[in-house]
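Here the structure comes first, spelled out in structure tokens, and everything after it is commentary.
Chains as they are written, first to last, in the numbering used here: chain Y, 30 to 140; chain H, 48 to 159.
Written out as structure tokens, the structure reads:
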């Protein structure tokens, strides 16, 4: 069974630039999550989708972050414009039931 | 969200058992206890979960206190590959509420 795929694996940008991350969940998983993990901390949920609808985006900084899940499969997370404090690993996860399966993450560095 | 308390770090010798403690004194009756681990440069991976009874799987065992205010993840024989950050997480049993709230976890070092 293929795991959760994410791209790119690494991204370096300057502050005020825009960036987008892509996630392909495990086939058949209706629920998709985006997490932000700052160095030394545990992952923090940004947004949860059930199929293509948003279940929880209470922790998403909506002035600069946006996410979509068209057709209830792949998802993109965008940051526009980026700030220095956005430097982190962005993790995508998917689930069918209770267990969440995580991708390898995208490491973002904002200079 | 119900919180958990874990030691920041622990060490274990290779091939010896490891007991990773977690306190969750504010757990509610419908909260499940989940454990995930994160190996270096990887996303977290599921280890085990339970509600009231002790649980075993191929990776580990989960011992849950009778009052459910604490639990212990048991790795029966630590290997170098088990070096990771281990997260103890409470997840509500409400339908559709599958969010995981990670703390800072316990960093396990396995000594050869």
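All residues carry an ideal CB built from backbone N, CA and C; glycine is no exception.
- Residue 154(H) carries a strand assignment under DSSP once its states are collapsed to helix, strand and coil.
- Per DSSP, residue 112(Y) lies in no beta strand (DSSP E) segment and is marked neither H nor E.
- The continuous stretches of beta strand (DSSP E) do not include residue 74(H), and DSSP gives it neither H nor E.
- Residue-level contact by beta carbon holds for residue 77(Y) and chain H, with a gap shorter than 8 Å.
- Taking every protein chain shown into account, the CB of residue 124(H) has fewer than 16 other CB atoms within 10 angstroms, so this residue is exposed.
- Taking residue 79(Y) as reference, the option from 140(Y), 124(Y), 135(Y) and 137(Y) with the minimal CA-CA separation is 124(Y).
- A check of alpha carbon separations from residue 64(H) across 122(H), 126(H) and 129(H) identifies 122(H) as the nearest.
- Counting along the chain, residue 95(H) sits inside the beta strand (DSSP E) bounded by residues 92 to 97.
- The bridge partners DSSP lists for residue 139(Y) are 42(Y).
- Here the region 58 to 76 of chain H makes no contact with the region 56 to 68 of chain Y; the two share fewer than three CB pairs at distances below 8 Å.
- The Cβ of residue 147(H) sits closer than 8 Å to at least one Cβ of chain Y.
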